[in-house]
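Residue numbers (my numbering), protein chains in the order written: chain A, 362 to 776; chain B, 362 to 776.
Data first, discussion second: the structure below is written as structure tokens.
There are 2 protein chains.
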Amino acid sequence: MKLADCLDGDRFWADLLAQAEIGALTPRGLRRLALDDNDNRARLWLIEQGREIDCHAYHDALGNVFLRREGRDASLAPLLIGSHLDSQPSAGSYDGTLGVVAGLAVLRTLHEQGIEHQRPIEVVSWTNEEGARFAPGASGSSWFAGQRDAASIVKARDSDGIRFGDALDHCLVILEDTEGTTFRPEPYVPHAFLELHIEQGPVLESQGVAVCAVNGIQGVNWYNIEVHGQANHAGTTPKAARRDAFMGAHALIGALKDAVAEQDEQVRFTIGKFSVSPGSTNTIPQSAEFTIDLRHPSQDVLDALDTAFLHLGEQQWAGCSVSLEVASRVAPVSFDPALMEIVDSSAKQYCPNAPQLVSGAFHDAIHLAQRCPTAMLFTPCREGISHHPDEHIERADAVVAVRTLASAVEKVLAP
Amino acid sequence: MKLADCLDGDRFWADLLAQAEIGALTPRGLRRLALDDNDNRARLWLIEQGREIDCHAYHDALGNVFLRREGRDASLAPLLIGSHLDSQPSAGSYDGTLGVVAGLAVLRTLHEQGIEHQRPIEVVSWTNEEGARFAPGASGSSWFAGQRDAASIVKARDSDGIRFGDALDHCLVILEDTEGTTFRPEPYVPHAFLELHIEQGPVLESQGVAVCAVNGIQGVNWYNIEVHGQANHAGTTPKAARRDAFMGAHALIGALKDAVAEQDEQVRFTIGKFSVSPGSTNTIPQSAEFTIDLRHPSQDVLDALDTAFLHLGEQQWAGCSVSLEVASRVAPVSFDPALMEIVDSSAKQYCPNAPQLVSGAFHDAIHLAQRCPTAMLFTPCREGISHHPDEHIERADAVVAVRTLASAVEKVLAP
């Protein structure tokens, strides 16, 4: 009998509801900020579940927690699966947690069925994926994958001025006092990494598909733009004498939109912040500031738009000059083709019409992909809503998704 | 010899500098908020100047102060000239004050030259033209002209919670204790009203003209607009699923600009406030709010644009609905043609190329025009800057402007 078929869907769902109690909001939702009391309790909950099924836990210098099911050859690099248990301040109960609990369900099934495997398998919960309390996010996974060093991560402070490093030390003390977990200071290079996550977008729901393979993560460029005009009286300043920063920004954004429209439909172009100064109804704005979030799966497209944006930022708009600053550039990631083939074929066992999606959001997998073969699975969430207590997934979809993960695990572990 | 030719330009300029000491900012500028200690001291200064030239003062229920030079027939309606002595929080020394000090210069000249006139002449300083401490402004003139009642004016509170009525009572007690001024509770209907003011725009400076007639004040409509979208993840939400309130606002504003462009160059269209919510770089805006300040000298043009704006506000923009609210509509004012002919011919004595301007800003004259023949004169200010300590006028221009006012007064007073 296949691993996926033996998986106890009721037990999986009960686990998902149980973890959602830790930091639950009323009437629904979750608040489990990285390294806060609830986030630490969630670690202990995971370690305790592992103890019940003879999976020893390990924790590392970043507070990442791993449940290990030993293989016949303990020297082989483990297959790693998981996601994160921390949340946004006012979140749902599935973002991140689904991937950890799904990994736990796979371990439970292996245990219950007494299935042996050559290679060890570990389920991980990464520290501070969200970046909501300490920015930036994906702290645990980026450190583990050698993408960021601990010294820079621990310097971050939350809005109360608490250092990441101090909150982490507190967490590590708790873990040291906990039975069933052992400190493992160094990262390792996994055999592969698999992450199941909610889509956080509307595509799968609209297609009626319960699970699909994710073939990569979009690249994203962030820009900060300021348009410099001249404040003046709205009534007395004739048209020819105006240097209206709002009108400059409006014209510039028109040109930016035109540049975006020359690319394909996959471009995502968002102006999420926009403000004018001094901000008075009868005063021509002196300046206008806004941000751009630009995403695409192709580095070539991002580069073409980057060049176009920088060129437009050098021009005058409605008599106003522009400062355009690149705040960050993150390259797109394409997942490992062989691993993609495994997760895609697993998804299509259950959903023959499953598409392959590109992730528009970041995930821990973006860092693991730099270290080992990596792939992801998505399952739909209602109306694409996440980072909100209204985040919702259908139980039947989630059970299909976790069986798909189990099927992929079985294929990766096969000798 | 003509009244204008006898006017002592040095004395006028000395008066202008003397009043600028009351509430002076360092290193330059003025802060004389309506009914504050400095504004009250400015009233007393004006009354004292009147006493020196045998002009008795009157004050009314709104704290407006009038210096009266009696006519041979005291029963005739006075010719009224003046402006205001209050200022914005961080202002220059000429906005409003120029018109009052110019009126004083005319009275001084009539006194020095012993010129008699049939009709009385009064110089007024109106209370709270600026509206900076108590909104809205033009309190004294609007009440005097019967456009607003005292009960609604005194209810206003400043940012410290102080009632206009309480500040006014304090001012009136000071005036009652002052020698040389008499309480005159009721407004009267002037024979005519003349106001000299700085242009607060760049036209006269650019044309090298020291003074010109103003033939009216633009009408102005204010609108509050909200565009309603749907917040969502900037990375995961495909183009077809977006209802981006910023992009909706951008498209709507493009259409508003097109409607404005169909009218003549005199339209002034300003978006002075603009904000998006929730205001996060990687979140599609849920809503965008902005204001419109729309001005034109012609009611027909304002009505045409009003209709167009309301129509555009009923449509969907980038999948977003719109709420468009008219915050206020103020009709344009055209000044009295006969009085305009007098001020225009007076200006052209000194500046043959003097244009006739429409005022883009409000002035006390907008209310007086509802009550009696009214006209205005403008003199240039550097770079059109006002409401700022950098506000600056050239002494030579100002002297020409005050002589022009004297010339117009002489014509109006002529039997």
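The beta carbon of each residue, even a glycine, is placed where N, CA and C say it ideally should be.
This structure is a prediction, so every number in the text was calculated from the model and none was measured.
Query	Result
Reduced DSSP category for glutamate 547 of chain A - H, G, I as helix; E, B as strand; rest coil	coil
Reference glycine 507 of chain A, options A/Val628, A/Glu771 and A/His728, closest by Cα	A/His728
Close beta carbons around leucine 471 of chain A, own chain, < 8 Å, minus the five adjacent residues each side	Leu364, Arg430, His478 and Ile482
Residues that arginine 629 of chain A contacts on chain B, provided the C-beta gap is smaller than 7 Å	Ala595 and Gly596
Option in B/Ile408, B/Pro450, B/His417 and B/Arg412 with minimal Cα separation from alanine 385 of chain B	B/Pro450
Buried versus exposed call for aspartate 400 of chain B [16 or more other C-beta atoms within 10 Å across all chains shown]	buried
Inter-residue Cα distance where the pair is phenylalanine 505 of chain B and glycine 424 of chain B	11 Å
Per-residue DSSP class, three states only, for arginine 402 of chain A	helix
Neighbourhood of threonine 543 of chain A by C-beta distance below 8 Å, restricted to the same chain and skipping five residues each side	His417, Ala418, Tyr419 and His420
Assigned exposure category for valine 550 of chain A - 16 Cβ within 10 Å defines buried	exposed
Opening and closing residue of the alpha helix (DSSP H) in which serine 567 of chain B lies	564-568
Nearest neighbour of aspartate 415 of chain A, chosen from A/Glu744, A/Ala422, A/Gly432 and A/Arg545 [CA to CA]	A/Gly432
Proline 698 of chain A versus glycine 577 of chain A: straight-line alpha-carbon distance, rounded	10 Å
Contact residues within the segment 554-576 of chain A, judged by C-beta distance below 9 Å to chain B	Glu560, Gln561, Gly562, Pro563, Val564 and Ser567
Proximity test, Cβ basis, 9 Å: valine 662 of chain A and chain B	no
Cβ-Cβ separation, histidine 589 of chain A to alanine 606 of chain A (assumed contact under 8 Å), whole Å	7 Å
Enclosing alpha helix (DSSP H) for valine 628 of chain A [first to last residue]	Unbroken run through valine 628 of chain A: none, as it is neither H nor E.
Under 8 Å from the C-beta of glutamine 731 of chain A: neighbouring residues of chain B	Correct list: empty, because the minimum Cβ distance to chain B is about 19 Å.
Partners in chain A for phenylalanine 373 of chain B, counting only beta-carbon separations shorter than 9 Å	What phenylalanine 373 of chain B touches in chain A: nothing, since even the nearest Cβ is about 25 Å away.
Given isoleucine 645 of chain A as reference, the closest of A/Ala381, A/Ala553, A/Asn593 and A/Asp371 once Cα atoms are compared	A/Asn593
Cross-chain neighbours of tryptophan 406 of chain A in chain B, by beta carbon under 7 Å	The contacting residues do not exist; tryptophan 406 of chain A stays about 28 Å from chain B at best.
Where the beta strand (DSSP E) containing arginine 656 of chain A begins and where it ends	648-657
Chain A contacts made by the segment 717-744 of chain B, where a contact means CB separation under 7 Å	Gly721 and Ala722
Whole-angstrom C-beta distance between alanine 499 of chain A and glycine 596 of chain B, which should lie under 8 Å	Rounded, the Cβ-Cβ distance is 14 Å, inconsistent with contact.
Partner residues on chain B for threonine 642 of chain A, Cβ-Cβ distance less than 7 Å	Trp583, Gly633, Lys634, Thr652 and Asp654
CB contact below 9 Å: aspartate 605 of chain B versus chain A	yes
Beta-carbon gap between glutamate 490 of chain B and glycine 745 of chain B smaller than 9 Å	no
Candidates A/Ala381, A/Lys634, A/Leu663 and A/Ile703, of which the one nearest alanine 403 of chain A by Cα	A/Ala381
Same chain only: Cβ atoms within 6 Å of phenylalanine 427 of chain B, ignoring 5 sequence neighbours per side	Tyr419, Glu483 and Val485
Glycine 615 of chain A: contacting residues in chain B (beta-carbon distance under 8 Å)	His611 and Gly615
Buried or exposed by the 16-neighbour rule on C-beta atoms within 10 Å, applied to arginine 494 of chain A	buried
CB contact check: valine 683 of chain B to chain A, cutoff 9 Å	no
Range covered by the beta strand (DSSP E) that runs through alanine 418 of chain B	417-420
Three-state secondary structure assigned by DSSP to arginine 601 of chain A	The question names arginine, yet the displayed sequence has alanine at residue 601 of chain A. It is helical.
Pick from A/Leu407, A/Ala767 and A/Gly615 that is closest to glycine 674 of chain A, judged by C-alpha positions	A/Gly615
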